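The block underneath contains the structure these notes are about, expressed in structure tokens.
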Amino acid sequence: MSLWQYITIHNSACLCLEEQTLWGHTVCRVWLPNQDAVVRVPKSALQPLASCPLSLTTHHIAYVAAAAKVAEVLEGSNSATEGHVLLAPMESNVIPLPHQIHALSRAISGDRVRYLLADEVGLGKTIEAGLVMRELKLRGLVRRTLVVAPKSLALQWQAEMENHFNEPFTLVNASDLDAYERLMPGALPDHQRNPWLNFPQAIITTDAFKPLSKRRGWNKETVQRYNLIRHERLMTAQWDLIIVDEAHRLGGASDLVARYKLGQGLAESAPYLLLLSATPHQGKSDAFARLMGLLDPMSFSDVESIKPDRVAHFVIRTEKRKAITATGEPLFKPRTTRILKVDLEHFPDQLKLYDEVTDYAKHGYNLALHNRSPFIAFLMILLQRIATSSTRAIRSTLERRLERLDALKDGRRSEVELIIEELEELTGQELLDELLDVNEPGRVNEVEQVRYLLSLAHQVEAAGPDAKALRLIELIYQLQVEENDDQLKLLIFTEFVGTQMMLQEFLEARGFVCATINGSMEMDERKQEQHRFAEEARVMISTDAGGEGLNLQFAHVVINYDLPWNPMRVEQRIGRVDRIGQPKLVRAFNFVFENSIESRVLEVIEEKLAVIFKETGIDKSNDVLETPLAGDLYEQMMTHVVMENREIDTEVERMLSSIEREVIAVCEKSPIYAISEEVDFTAAESLRTHPLPVWVERMTINYLRSNDGRVINTPQGWTLVWPDGEEQKKCVFSAHDAESLPEATLLNLENSRVRGLALNLPRIATGQPLSCVSVSGLPASISGVWELFEIRLQVGMHQLMQSLRIPQIRRGYISVFLSEEGKLFLPTARHIWDALQTAEFQVQSTLVQDESIKAYERLQKAAEQVGQEAFDFLQQAHIASVAREEGRGIVSFASRRKAIERVGLPEVRQFRLSRCDADETEWRKELQSARLIVPEIRPLLMLRIMNE
131 MSLWQYITIH NSACLCLEEQ TLWGHTVCRV WLPNQDAVVR VPKSALQPLA SCPLSLTTHH
191 IAYVAAAAKV AEVLEGSNSA TEGHVLLAPM ESNVIPLPHQ IHALSRAISG DRVRYLLADE
251 VGLGKTIEAG LVMRELKLRG LVRRTLVVAP KSLALQWQAE MENHFNEPFT LVNASDLDAY
311 ERLMPGALPD HQRNPWLNFP QAIITTDAFK PLSKRRGWNK ETVQRYNLIR HERLMTAQWD
371 LIIVDEAHRL GGASDLVARY KLGQGLAESA PYLLLLSATP HQGKSDAFAR LMGLLDPMSF
431 SDVESIKPDR VAHFVIRTEK RKAITATGEP LFKPRTTRIL KVDLEHFPDQ LKLYDEVTDY
491 AKHGYNLALH NRSPFIAFLM ILLQRIATSS TRAIRSTLER RLERLDALKD GRRSEVELII
551 EELEELTGQE LLDELLDVNE PGRVNEVEQV RYLLSLAHQV EAAGPDAKAL RLIELIYQLQ
611 VEENDDQLKL LIFTEFVGTQ MMLQEFLEAR GFVCATINGS MEMDERKQEQ HRFAEEARVM
671 ISTDAGGEGL NLQFAHVVIN YDLPWNPMRV EQRIGRVDRI GQPKLVRAFN FVFENSIESR
731 VLEVIEEKLA VIFKETGIDK SNDVLETPLA GDLYEQMMTH VVMENREIDT EVERMLSSIE
791 REVIAVCEKS PIYAISEEVD FTAAESLRTH PLPVWVERMT INYLRSNDGR VINTPQGWTL
851 VWPDGEEQKK CVFSAHDAES LPEATLLNLE NSRVRGLALN LPRIATGQPL SCVSVSGLPA
911 SISGVWELFE IRLQVGMHQL MQSLRIPQIR RGYISVFLSE EGKLFLPTAR HIWDALQTAE
971 FQVQSTLVQD ESIKAYERLQ KAAEQVGQEA FDFLQQAHIA SVAREEGRGI VSFASRRKAI
1031 ERVGLPEVRQ FRLSRCDADE TEWRKELQSA RLIVPEIRPL LMLRIMNE
């Protein structure tokens, strides 16, 4: 009996390994190549290949030819001269910029997707992270993703993932987990009570899920229970990819800080990790080493391990000056910023209110410093900022302040625990909401002073609009004339909801249709208001927290009605319209009171920066306005000047000098700033026109037609009926079609069923009938036999140590063509493969078995010769992965021994050294096993190409 047979039970070819007759029954042990399984079957289920119905149909040929193209894209190229084809840009709503495509390409170029995305501010690191996530999902490597972001950015992440990538994320708050814990049946075992398993894609805020070491009033068991619910379950939720925004905050002041412990837990909880930060190295080498250690603790075990060449392998960074458009033009355009001073000379009551509130805030601030009450000091600084915002904001804040003081007077207190570093990240309104509930028993005597200020605020409010509001109306009408647009759209920012409400009432009373967004609104509400602003509303009034995550670039005029003390906040406001792709020159206007301390500070800064520019030709304004390092120094300077009456010129000079020193020191210390990617603007265009979606469609449709499925093409998309009976309606295969047909279902490589069609291709067997095919459009001179092969490299062991993240299987694809004279033509082979994607072809006949076997043997010999290069490429990639893992291990064990040697107790030190030796021995065994590889060549299609 021939070794290769047709098995009727599985409708496929099989290889007969053994035949046995027992008690009158003949049984064969056969290998099923498509399942890579050995089974025992009755001999009666086997038939000769020559008589089987396995000749290749037109649809089967089209399916396999297209599927191999798709699989080649999924696996990457077969040679060093061809790069990976990126899937995410073709499957997303966003058109990536050249530097973003470059970042994606680098991130997925190796086995270990663990990188620090360190682009400068404004270059779209969120988009880059989203592209990497989509790429990994489309390649079937990621299903569960966790995003960790500061509270102020969480909603922005949710919006951008939905808008740009059609990826729904759930924003999970700590209170949600508490509610889940109360509702879950107590009898359930703990592994079934993990709520995170219900969220395949979740967003959390950085500080909500840090582990606690202790808390006032809690015993050890309560702390442990808290950590179980908030922290430990999060770490054991089987995440595939974790993305951390503003990741430099995880470096911490030491390895004992809660944020670092959170980062360490997250880093160990997923194979893929992306850390995002424009300023990962803030002048503290130990914190930077801890941050890099999250990516790879073996490579970055201490400060001494931070070497530029080593860091460069883990960092992707583009500078603004190198960022370009798809046509190669500079990405960012200049903008104008103008200070508008509001004179209170003709508004004596309002001036008096400002002065009185300022005096109250200063006195309260200095008293708080004396009493070591940092939260009250924060509140007093905030009250000073409110004094520059609006009378409405002053009045509403004083009312809430009075309620709190009255509650304290009556002995009523609220338990509120705050952390200074968390407060520093909140916006003005968020700070106000937090600080007004702080316990402050020593402040009860302020009641009468607050009542006086409140009565003064009522008096000013009753007298009419604020001077600043009247100046706003003048500016709006002035801009309408300058822009020659009586429907000019304006984006107005304020720190406080009270001011927002006042401005809405003020402008609507004068005929302006307004939209509003603030941090208390759900994302759907914000989108509705964004839509209103895009359509009928002329003015959008937003708080700082409200504007996050929204694209408002259909406007180009920003009015900062009040100014945060951190200039980065102002940059973020203007960034709502000064975005990549903004077609107009952005104009920003900053309101300040004439002759106020805030106004004088801005004047001095401008004067000193102008002197520097005149003397050196260097514009330093970006260092003040755009450097996150400068934000803290700016806030400190404002506090010293406004709250402590220090001399303005001296403090501004000190701030500017400190900023310059900090920036220089960081650049000198950090290997980050020597890294700057070179980008290619032609990559975006080549991706936009890539035929992958066409291949996926062709693969799926022809698979169904050749495997007892059904397909119907309708104006609303394809109706697909799979062989198992499942029906899918309104299916499309490209993001462009999905956009034009909102109700359609997009089938792409993220779908496991579709991806399986490409990665589980059926092979053909020796002796299987060879189909004779005519392909339209091919030159008449092309006549011979053609075959498509899959080249495999498989690691020669079933399980690798978890720390060795090496693919079990690597695949490559080659095609060969032999002319009638027996000559090998590789370019022709590739041309035929390409033609099978686009040209019409017909199966004319099949060769007899003997001729099919001869053709197979000739093609197999040619494929073994040609496939050597493809296999060598796979082998080199595998060897490089093993070498990289070996290097990491050597560094890790050396660092581990170094730490053990510092242990004081000899017995403990010896025990740990023995344990380290045992771990290293086991690691080396696993590493040696990973070097054992098994090559394989699998024939997928074999055709005789005929002249038409």
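Under this note's numbering, think of the first position of the sequence shown as 131, with each following residue one higher. Even glycine gets a Cβ: it sits at the ideal position worked out from N, Cα and C. It should be emphasised that the depicted structure is a prediction, and the values quoted were computed from it without experimental measurement.
Distance between residue j and residue i (C-alpha atoms, nearest Å)
i: asparagine 843; j: valine 224; result: 28 Å
i: glutamate 459; j: methionine 773; result: 46 Å
i: phenylalanine 723; j: isoleucine 516; result: 13 Å
i: glutamate 777; j: glutamate 292; result: 49 Å
i: serine 787; j: proline 697; result: 17 Å
i: glutamate 449; j: alanine 388; result: 32 Å
i: aspartate 854; j: alanine 959; result: 35 Å
i: aspartate 753; j: glycine 761; result: The predicted position of aspartate 753 is uncertain, since its pLDDT is 48 and thus under 50; a value taken from the coordinates is nonetheless stated next. Computed Cα separation, rounded: 10 Å.
i: arginine 885; j: glutamate 265; result: 13 Å
i: phenylalanine 626; j: methionine 510; result: 15 Å
i: asparagine 881; j: serine 870; result: 20 Å
i: alanine 233; j: phenylalanine 444; result: 12 Å
i: glycine 952; j: serine 901; result: 18 Å
i: glutamine 634; j: alanine 599; result: 11 Å
i: isoleucine 238; j: valine 262; result: 7 Å
i: proline 713; j: leucine 637; result: 27 Å
i: leucine 877; j: glutamine 846; result: 14 Å
i: leucine 424; j: leucine 342; result: 20 Å
Residue of the options minimising C-alpha distance to residue i
i: glycine 395; options: Asp416, Leu364, Gln995; result: Leu364
i: phenylalanine 919; options: Phe863, Asp980, Trp852, Glu1066; result: Glu1066
i: glutamine 514; options: Tyr490, Phe505, Arg531, Pro504; result: Tyr490
i: glutamine 998; options: Ala442, Leu923, Ile983; result: Leu923
i: glutamine 407; options: Glu376, Arg1045, His294; result: The sequence shown places serine at residue 407, rather than the glutamine named in the question. Nearest C-alpha to serine 407: Glu376.
i: glutamate 250; options: Pro410, Ala279, Tyr356, Ala868; result: Pro410
i: methionine 1072; options: Gln1005, Gly847, Leu948, Arg1039; result: Leu948
i: phenylalanine 119; options: Glu783, Ser1059, Pro957, Ile939; result: The displayed coordinates of the chain run from 131 to 1078. Any statement about residue 119 would go beyond what the structure contains.
i: alanine 284; options: Ala675, Lys598, Pro504, Asn1077; result: Ala675
i: arginine 640; options: Val771, Trp916, Leu602, Leu889; result: Leu602
i: lysine 471; options: Leu358, Arg447, Glu604, Ala592; result: Glu604
i: alanine 740; options: Glu638, Cys146, Glu783, Ile727; result: Glu783
i: proline 172; options: Glu148, Trp326, Pro899; result: Glu148
i: leucine 822; options: Thr156, Leu732, Glu221; result: Glu221
i: tyrosine 607; options: Arg668, Pro401, Leu481; result: Arg668
Close beta carbons around residue i, own chain, < 7 Å, minus the five adjacent residues each side
i: aspartate 708; result: Arg465, Val716
i: alanine 259; result: Leu247, Ile373, Leu404, Leu406
i: alanine 507; result: Tyr495, Ala498, Leu499
Own chain partners of residue i with C-beta closer than 8 Å, once the 5 adjacent residues on each side are dropped
i: glutamine 610; result: Asp616, Leu618
i: glycine 897; result: Ser132, Trp134, Leu179, Ala180, Gln979, Ser982, Ile983, Tyr986
i: isoleucine 436; result: Ser415, Phe418, Ala419, Met422, Phe430, Pro801
i: leucine 162; result: Ile137, His140, Ser142, Cys144, Val168, Val169
i: arginine 525; result: Leu584, Ala587, His588, Glu591, Gly628
i: arginine 273; result: Lys267, Pro330, Asp370
Sequence-distant residues of the same chain with beta carbon closer than 6 Å to residue i, five excluded per side
i: tyrosine 484; result: Ala517
i: valine 996; result: Ile944, Val946
i: phenylalanine 623; result: Ser672, Asn690, Arg703
i: phenylalanine 477; result: Ala597
i: serine 975; result: Cys902
Beta-bridge partners of residue i, as assigned by DSSP
i: arginine 941; result: Arg922
i: histidine 155; result: Leu152
i: glutamate 917; result: Val946, Met1072
i: methionine 670; result: Leu621, Ala645
i: glycine 847; result: Thr844
i: glutamate 857; result: Val851
i: cysteine 146; result: Val160
Minimum Cβ-Cβ distance from residue i to chain C less than 8 Å
i: glycine 494; result: Among the protein chains of the structure shown there is no chain C, as only one such chain exists.
request  = Entirely within the region 439 to 525 and at least 3 residues each: give me those beta strand (DSSP E) ranges in chain order.
outcome  = Correct list: 466 to 472.
request  = Entirely within the region 952 to 1020 and at least 4 residues each: give me those alpha helix (DSSP H) ranges in chain order.
outcome  = Runs of the alpha helix (DSSP H) lying entirely within the region 952 to 1020 and spanning at least 4 residues, in chain order: 956 to 968.
ask   = Considering only residues of the region 240 to 287, which uninterrupted alpha helix (DSSP H) runs meet the minimum length of 4 residues and lie entirely inside it, listed in chain order?
value = The region 240 to 287 contains these whole alpha helix (DSSP H) runs: 255 to 268.
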